[in-house]
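Going down the list, the protein sequences come from chains A and B.
Position 341 of the first sequence, counted from 1, bears residue number 340 in numbering that gives the first Met the number 0, the numbering being contiguous throughout.
Position 174 of the second sequence, counted from 1, bears residue number 173 in numbering that gives the first Met the number 0, the numbering being contiguous throughout.
Just so you know, even glycine gets a beta-carbon here, dropped at the ideal spot from N, CA and C.
Notes to accompany the following structure.
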Amino acid sequence: MSNGPGIRDYLAISGVRLVNRLSRLTGRGSGTVAGGRVGLRLAPDLLATASRDRTTVLVSGTNGKTTTTSMIAAGWGGLVTTNATGANMPAGHVAALAESTERRTVLEVDEAWLPTVLAATGPRVVVLLNLSRDQLDRAGEVRQMAERWRGALAHSSGTEVVVANANDPLVVYAAEEATRVVWCDVATTWLADAVSCPKCTTAISHDANSWRCRCGFAKPPAVVTTTGSELVVGGHRVELDLALPGEFNRANAAMALAALDVVGVDLDEAVQRVNAVSNVAGRFSLRQWNGHRLRLLLAKNPAGFAAMLATVPNDVSDVWVAINARVADGRDPSWLFDVPFEELAGHRVFALGDRRLDLATRLDYAGVDYVIVDDESTVPVSSDVTLLLANYTAFSDWLARSSPC
Amino acid sequence: MLRVAVLFPELLGTYGDGGNGVVIAERARRRGYEVELAHVGLGDDVPEAALYLLGGGEDGPQRLAADLLRDSSFASRVGDGAHVVAVCAGLQILGESFCIEGDDQYAGLGLVDVVTRRGAVRSVGELAARVGERMLVGFENHGGRTSLGTDVAPFGKVAKGRGNDGALDGYRTLTIWATYAHGPVLAMNPWFADQVLSSVLDVELEPLATAADLLYASRCAALGF
Ligand SMILES: [Zn+2]
């Protein structure tokens, strides 16, 4: 076979575009996955073919993938090929690549698919944000994920630069065998999944700025550091002044900018564009519904919830939390007991969603005031903006039923 | 003072298992008992406690937890009458041996005559088991197949999911409850939490209304019980 795309690949790419268009026209989907599936069936190596001659950045990790991908796309400036709707498996990647010939490409990648997508796309940069427990019933266990990443990076072509979180021992374990790593010292609050060493399972000791195991496994020296709003990338200082809230978004921005630095984007210009990112696929957006003004926050797992709970101001009384356990959420809501809901003591929490009783049980045992809401239309309208924290499908539901303010 | 100790939650606590400690402590406190909920970390000695809780974990951490418990006072404290609720990996650790990393058998604590081997497939999803007149509802996620010795009683009879082997779930001795239903099994089954608490305190308990009653009723209804 020749090196260039063959006739079969052209047909497959056309097929992807056609199916995407049909799926949007018929209103049966956002047109990002169905076409990709068809394309992959017609030409299984389509992801590799469609990635040729591109400068690709892959972004993976348990939390912050969509936001970081969005920051990289915005920070690059101009047109960028990206899977903006978060369709983060190969069918979604193929669909995104079929829609745009722009060579600058940033793809969000599901953790489990990273080894496959890494091999197929030959990226310039791989961003590894963090690893923690997520979707207990299907994602497998988090240490196994770190092991698979490690194997994939150790055996890759070695042409990629890995931008990795130095504060997450599981990420360090995954990345340390890669040919070139840019270690990032960014805020990482959730470490419950890396208390025991991924190499020898004994306890890792943490202090304010570092961590180390007695087997020698330790935090690597970082070249990307953050102190308050100041970010230093390889000696170059820039000021982060994000429109998005929270310390976790500063960590996402730092890693996005580190990736952009690797592909040669001017940092001073990039940071302005990243600072301006204000909502990512509806996350953090202000919406209205039935007279309520709602700030929608997405949190899918314990680490995500811990990060979001830290942003809830003390002076708001009511907080809405919506929990589902559909396939895309993971069917097992046991993870609610890993979320530090005790931090909501002093607030009144409205429990919404399919699994509001699981949530109410958790809140009850956490000593938090709760109201089980069987019918949202009965909740009195508040003059203030109400925070609504929701997991994946609950978030999608609320985004669909509400409208911009 | 009732002391409840959650053992090595960093190693055994994958599926919201810490919830079980919170549930027992809260149900006791709301009935006027003074409770100390201790989390025993790596490097800590196993303290004296009326009730120990063991959760689930991945292979490496499970092996380490078994080693730490073997070298601790845990077995002798259980021998002296302390109670134990063990889920998932915890269930396996208390037995004679369990399987890790492929098909290697690893020695458990030998407190109960049960052996866990690698099952043909991983069992992931809802688990329900009849325990006397009650239904135990929860979730499982494990690859073990556990055989009970002839003198060991199961905890429940499987109605949905796999449990030990598709027919039986867990085991029950005078002071030990073990089930494959992980994480907050005591949160989802208030009757189970009270059975444990009543036995540990050696008192009859009055019912306690919590949101968990609604959750339990709804899960039973959803499963058709
Ligand atoms: Zn170590």
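Query raised in the report: Should the region 305 to 320 of chain A be regarded as contacting the region 9 to 21 of chain B, the criterion being three or more beta carbon pairs within less than 8 Å?
Result: No: the two stretches stay apart, fewer than three of their Cβ pairs being nearer than 8 Å.
Query raised in the report: Taking one C-beta from the region 29 to 47 of chain B and one from the region 8 to 15 of chain B each time, how about it: are there three or more such pairs within less than 8 Å?
Result: Yes, the region 29 to 47 of chain B is in contact with the region 8 to 15 of chain B.
Query raised in the report: Does ligand 1 have even one heavy atom less than 6 Å from the beta-carbon of Phe216 (chain A)?
Result: By one-based count along the first sequence, residue 216 (chain A) stands at place 217. Yes - ligand 1 has a heavy atom lying nearer than 6 Å to the Cβ of Phe216 (chain A).
Query raised in the report: Would the C-beta of Cys219 (chain B) count as close to ligand 1, meaning under 6 Å from any of its heavy atoms?
Result: In the second sequence, the residue the question calls residue 219 (chain B) occupies position 220. No, since every heavy atom of ligand 1 falls outside the 6 Å radius drawn around the Cβ of Cys219 (chain B).
Report task. Taking only heavy atoms of ligand 3 into account, decide whether any of them is closer than 6 Å to the Cβ of Cys87 (chain B). Result -> What this structure holds is ligand 1, not ligand 3.
Query raised in the report: Residues of chain B with a CB under 9 Å from the CB of Arg142 (chain A): which are they?
Result: Against the first sequence, residue 142 (chain A) aligns to sequence position 143. Chain B residues near Arg142 (chain A): Glu57, Asp58, Gly59, Pro60.
Requested in this report: May I ask you to list, following chain order, the residues of the region 307 to 337 of chain A that have a beta carbon less than 9 Å from some beta carbon of chain B?
Outcome: If the cut-off is 9 Å between Cβ atoms, the region 307 to 337 of chain A has Arg330, Asp331, Pro332, Ser333, Trp334, Leu335, Phe336, Asp337 near chain B.
Requested in this report: Give the residues from the region 284 to 303 of chain A that approach chain B closer than 9 Å (Cβ to any Cβ), ordered along the chain.
Outcome: Cβ contacts with chain B come from Pro301.
Requested in this report: With 7 Å as the C-beta to C-beta threshold (strictly closer), list the residues of the region 6 to 32 of chain B near chain A in chain order.
Outcome: Per Cβ criterion, the list reads Glu9, Leu10, Thr13, Tyr14, Gly15, Gly17, Gly18, Val21, Val22, Glu25.
Requested in this report: Quickly, what does DSSP pair Ile99 (chain B) with across the bridge? List them, please.
Outcome: Position 100 of the second sequence, counted from the first residue, corresponds to residue 99 (chain B). Residue pairing of Ile99 (chain B) in beta bridges, as defined by DSSP: B:Asp103.
Query raised in the report: Who are the Cβ neighbours of Ala252 (chain A) in its own chain at under 7 Å, not counting the five residues just before and after it?
Result: On the first sequence, residue 252 (chain A) is found 253 positions in, with the first residue counted as 1. Result list for Ala252 (chain A): Met70, Leu239, Leu241, Val273, in chain order.
**Report entry** Classification of Cys87 (chain B) by the beta-carbon crowding that lies within 10 angstroms, buried from 16 upward
**Finding:** By one-based count along the second sequence, residue 87 (chain B) stands at place 88. Under a 10 Å Cβ-count criterion, Cys87 (chain B) is classified as buried, with 16 or more other Cβ atoms of the shown protein chains found around its own Cβ.
**Report entry** Beta-carbon separation (whole angstroms), Leu204 (chain B) vs Thr145 (chain B), contact threshold 8 Å
**Finding:** Against the second sequence, residue 204 (chain B) aligns to sequence position 205. Against the second sequence, residue 145 (chain B) aligns to sequence position 146. Not confirmed; about 30 Å, so no contact.
Requested in this report: Compare the beta carbon distance of Arg354 (chain A) and Ala324 (chain A) with 7 Å and say whether it is the shorter of the two.
Outcome: Counting from one through the first sequence, the residue named residue 354 (chain A) turns up at place 355. Counting from one through the first sequence, the residue named residue 324 (chain A) turns up at place 325. Taking 7 Å as the Cβ cut-off, Arg354 (chain A) and Ala324 (chain A) qualify as a contacting pair.
Query raised in the report: Can you list, in chain order, the residues of the region 133 to 151 of chain B whose Cβ is nearer than 7 Å to any Cβ on chain A?
Result: Taking 7 Å as the Cβ-Cβ cut-off, the region 133 to 151 of chain B approaches chain A at Phe138, Asn140, given in chain order.
**Report entry** At least 3 beta-carbon pairs within less than 8 Å: the region 367 to 377 of chain A vs the region 387 to 395 of chain A
**Finding:** The region 367 to 377 of chain A vs the region 387 to 395 of chain A: no contact.
**Report entry** Cβ-based burial, Asp314 (chain A) [other Cβ within 10 Å; buried from 16]
**Finding:** Along the first sequence, one-based indexing puts residue 314 (chain A) at 315. Around the beta carbon of Asp314 (chain A), a 10 Å sphere encloses fewer than 16 other beta carbons of the protein chains shown; the residue is thus reported as exposed.
Query raised in the report: Cα-Cα, which of A:Asp328, A:Val180, A:Pro197, A:Ser209 is closest to Thr188 (chain A)?
Result: Residue numbering aside, residue 188 (chain A) sits at position 189 when the first sequence is read from its first letter. Closest by alpha carbon: A:Ser209.
Query raised in the report: Using a beta-carbon distance cut-off of less than 8 Å, what residues from the region 113 to 134 of chain B approach chain A?
Result: Going along the region 113 to 134 of chain B in chain order, one finds Val123, Gly124, Glu125 with a Cβ nearer than 8 Å to chain A.
Requested in this report: Flag this pair as touching only if the region 225 to 237 of chain A and the region 67 to 87 of chain B have three or more C-beta atom pairs under 8 Å; answer yes or no.
Outcome: The region 225 to 237 of chain A makes no contact with the region 67 to 87 of chain B: fewer than 3 CB pairs, one atom from each, lie closer than 8 Å.
Requested in this report: Note down, in chain order, every chain A residue with its Cβ under 8 Å from the Cβ of Ser217 (chain B).
Outcome: Along the second sequence, one-based indexing puts residue 217 (chain B) at 218. The contacting residues are Leu356.
Query - Reduced DSSP category for Ile371 (chain A) - H, G, I as helix; E, B as strand; rest coil - result: Residue 371 (chain A) sits at position 372 when you count from the first residue of the first sequence. DSSP places Ile371 (chain A) in strand when its eight states are reduced to three.
**Report entry** Inter-residue spacing [alpha-carbon to alpha-carbon] between Asp58 (chain B) and Asp331 (chain A)
**Finding:** By one-based count along the second sequence, residue 58 (chain B) stands at place 59. By one-based count along the first sequence, residue 331 (chain A) stands at place 332. Each residue's alpha carbon lies about 21 Å from the other.
Requested in this report: If I'm right that Gly169 (chain B) touches Ala127 (chain B) with Cβ under 8 Å, what's the distance once you round it to whole angstroms?
Outcome: Locating residue 169 (chain B) in the second sequence gives position 170, counting from the first residue. Locating residue 127 (chain B) in the second sequence gives position 128, counting from the first residue. That pair is no contact at about 13 Å.
Query raised in the report: Around the C-beta of Arg213 (chain A), are 16 or more other C-beta atoms found within 10 angstroms, so that it is buried, or is it exposed?
Result: Within the first sequence, residue 213 (chain A) is the residue found at index 214, counting from 1. Result: exposed.
Query raised in the report: Can you tell me whether DSSP reads Cys219 (chain B) as helix, strand or coil?
Result: Here residue 219 (chain B) refers to the residue found at position 220 of the second sequence. Assigned with DSSP and collapsed to three states, Cys219 (chain B) falls in helix.
Query raised in the report: At a Cβ cut of 9 Å, what residues of the region 35 to 48 of chain B count as close to chain A, listed as they run along the chain?
Result: Listed by position, the residues of the region 35 to 48 of chain B near chain A (Cβ gap below 9 Å) are Gly40, Leu41, Gly42.
Query raised in the report: How about Ala88 (chain B): is its C-beta nearer than 7 Å to some C-beta of chain A?
Result: Locating residue 88 (chain B) in the second sequence gives position 89, counting from the first residue. Not closer than 7 Å to any Cβ of chain A, the Cβ of Ala88 (chain B) fails to qualify, so no.
**Report entry** Own chain partners of Ala423 (chain A) with C-beta closer than 8 Å, once the 5 adjacent residues on each side are dropped
**Finding:** As shown, chain A starts at 0 and ends at 404. That puts residue 423 (chain A) outside it, with no answer to give.
**Report entry** With 16 other Cβ atoms within 10 Å as the buried cut-off, status of Ser277 (chain A)
**Finding:** As a position in the first sequence, residue 277 (chain A) is number 278, starting the count at 1. Ser277 (chain A) comes out exposed.
Query raised in the report: Excluding five sequence neighbours on each side, which residues of the same chain lie with their C-beta closer than 8 Å to the C-beta of Val264 (chain A)?
Result: What you label residue 264 (chain A) is simply residue 265 of the first sequence in a count that begins at 1. Hits under 8 Å: Gly74, Trp75, Gly76.
Query raised in the report: What did DSSP end up calling Ser402 (chain A) once you bin it into helix, strand or coil?
Result: Residue 402 (chain A) sits at position 403 when you count from the first residue of the first sequence. If DSSP states are grouped into helix, strand and coil, Ser402 (chain A) belongs with the strands.
Query - Closer than 7 Å to chain A by CB, Thr209 (chain B) - result: Within the second sequence, the letter at position 210 stands for residue 209 (chain B). At least one CB of chain A lies nearer than 7 Å to the CB of Thr209 (chain B).
Query raised in the report: In whole angstroms, what is the alpha-carbon distance linking Glu125 (chain B) and Gly137 (chain B)?
Result: Numbered from its first residue, the second sequence carries residue 125 (chain B) at position 126. Numbered from its first residue, the second sequence carries residue 137 (chain B) at position 138. C-alpha of Glu125 (chain B) to C-alpha of Gly137 (chain B): approximately 6 Å in a straight line.
Query - Spatial distance of Pro89 (chain A) from Gly35 (chain A) (CA atoms) - result: Walking along the first sequence from the start, residue 89 (chain A) turns up at place 90. Walking along the first sequence from the start, residue 35 (chain A) turns up at place 36. Near 7 Å, if we compare the C-alpha coordinates of Gly35 (chain A) and Pro89 (chain A).
Query raised in the report: How would you label Ala269 (chain A), buried or exposed, when you count the other beta carbons within 10 angstroms and need 16 or more for buried?
Result: To locate residue 269 (chain A), count along the first sequence from 1; it is residue 270. Burial state of Ala269 (chain A) is buried, judged by a 10 Å Cβ sphere holding 16 or more other Cβ atoms.
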